[in-house]
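Engineer:
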Amino acid sequence: MNYAMALDYQSCIDCKACEVACKEENGVQLGADKQRIWVTQIEKSIFGQPYIALHPAQCNHCLDAPCVDVCPTGASYFADGGIVMTDKDSCILCKGCMEACPYDARFVDDTHVAVDKCNFCYDTRLSNGEMTTACQATCPTKVRLLGDLDDEEGELVRMLNERKFYVLKEEDNTVPKLFYLLPEHDDYFAMNSVDPNTNIYTWETFKPKIEAAKAKRKPQWQKPKS
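In the numbering used here, the protein residues as written are 269 to 494.
1) In terms of residues, what are the limits of the beta strand (DSSP E) holding Met427?
2) In or out: Pro444 buried (at least 16 other Cβ within 10 Å) or exposed?
3) Counting Cβ pairs closer than 8 Å, one from the region 418 to 437 and one from the region 277 to 288, do we hit at least three?
4) Give the straight-line distance between the Cα atoms of Pro451 and Ala333, rounded to the nearest whole angstrom.
5) Does the beta-carbon of Tyr319, which I'm using as the reference point, lie nearer than 6 Å to any heavy atom of the ligand HEM?
6) Bridge partners for Pro318 per DSSP, in chain order?
7) Less than 8 Å between the CB atoms is what I'm expecting for Ser313 and Val411, so what's the real figure, rounded?
8) Can you tell me whether Gln488 is buried or exposed, with buried defined as 16 or more other CB within 10 angstroms of its CB?
9) Buried or exposed, going by whether 16 or more other CB atoms sit within 10 Å of the CB of Phe315?
10) What is the residue span of the beta strand (DSSP E) that Ala272 lies within?
11) So for Ile305, helix, strand or coil by DSSP?
12) Per DSSP, what kind of secondary structure is Pro451 in: helix, strand or coil?
13) For the beta strand (DSSP E) that Gly415 lies in, which residues bound it at each end?
14) Using the beta-carbon count (16 or more within 10 Å), is Leu446 buried or exposed?
15) Should the region 339 to 352 be regarded as contacting the region 472 to 489, the criterion being three or more beta carbon pairs within less than 8 Å?
16) Run through DSSP, which three-state label would Met353 get?
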């Protein structure tokens with residue numbers, strides 16, 4: 269099992285249902301700056317006309333995660349399935365993981381005095397055998413899809429085989445597992461909706477990166493701490 273998520277970001281309507289569902293299901297501290305998932309708004313232009321690009325965001329559950337490397341207590345670690353987890357009981361709030369994360373995906377949970385982040389709803393869903401997340405289940409436009417990169421016949425890999433995609437901040441070499449799906453059947457719009465230096469991938473071209481990073485890091489995967 270190698271958990272990852274694809275995002276059909278062009279379908280996002282910024283309704284905030286995913287953010288609310290995440291807080292409700294996972295007991296995330298209230299507050300606009302306390303978010304495991306969020307939607308960013310980026311001003312762009314196409315055909316000379318301005319528009320707002322919506323990008324759902326969260327922890328990228330990087331296969332080569334720098335937050336795990338810098339944590340002095342093991343509070344940030346790879347769980348089985350390649351999920352990057354945080355153990356609030358072991359966190360000493362040094363904030364090293366927050367500095368190391370290229371995606372600003374972590375925040376301080378003041379109720380536990382520890383760092384918090386997305387864990388793909390491991391506690392409430394994945395550990396119970398479900399293969400979805402609260403944000404995916406509540407999204408009215410079906411932006412998100414959680415799946416297993418090791419399952420070539422699964423819905424996630426089939427979608428990555430059908431659609432071109434890109435990942436964020438590739439230059440940091442984290443091998444992120446959040447895949448942003450480009451619009452279908454409109455290559456011109458697709459290429460104008462991303463930054464010109466963004467690498468566009470197919471599953472065939474990105475899979476070797478996944479396999480190399482997994483081979484490097486899988487010995488560190490462990491059962492989530494209770």
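Yeah, the Cβ is synthetic: ideal placement off N, Cα and C, and Gly gets one too.
Structural biologist: Let's see:
1) Counting from 1 along the sequence shown, the entry for residue 427 is found at position 159. Where Met427 is concerned, there is no enclosing beta strand (DSSP E), although the alpha helix (DSSP H) it sits in stretches over 423 to 430.
2) For the purposes of this step, residue 444 is taken as residue 176 along the sequence shown, with counting starting at 1. Its Cβ being crowded by 16 or more others within 10 Å, Pro444 is buried.
3) no
4) Sequence index remark: in the sequence shown, residue 451 carries index 183 (1-based). Sequence index remark: in the sequence shown, residue 333 carries index 65 (1-based). Rounded to the nearest angstrom, the two C-alpha atoms are 28 Å apart.
5) This structure simply doesn't include the ligand HEM, nor any ligand for that matter.
6) Counted from its first residue, the sequence shown places residue 318 at position 50. Its beta-bridge partners are Ser313.
7) Start at 1 with the first residue of the sequence shown, and residue 313 comes out as number 45. Start at 1 with the first residue of the sequence shown, and residue 411 comes out as number 143. Between Val411 and Ser313 the Cβ distance is about 23 Å, and since that is not below 8 Å, they are no contact.
8) Walking along the sequence shown from the start, residue 488 turns up at place 220. Gln488 should be labelled exposed.
9) Here residue 315 corresponds to residue number 47 of the sequence shown, with the count starting at 1. Flag for Phe315 reads exposed.
10) Position 4 of the sequence shown holds residue 272. Taken as a continuous stretch (DSSP letters only), the beta strand (DSSP E) holding Ala272 covers 271 to 275.
11) Counted from its first residue, the sequence shown places residue 305 at position 37. Reduced to three states, the DSSP call for Ile305 is strand.
12) Your numbering for residue 451 matches position 183 in the sequence shown. In the structure shown, Pro451 sits in coil (DSSP, three-state: anything other than H, G, I, E or B).
13) Mapped onto the sequence shown, residue 415 falls at position 147. Its beta strand (DSSP E) spans residues 412 to 416.
14) If you number the sequence shown from 1, residue 446 lands on position 178. By the neighbour-count rule (16 or more Cβ atoms within 10 Å), Leu446 is buried.
15) yes
16) For the purposes of this step, residue 353 is taken as residue 85 along the sequence shown, with counting starting at 1. Met353 falls in the strand class under three-state DSSP.
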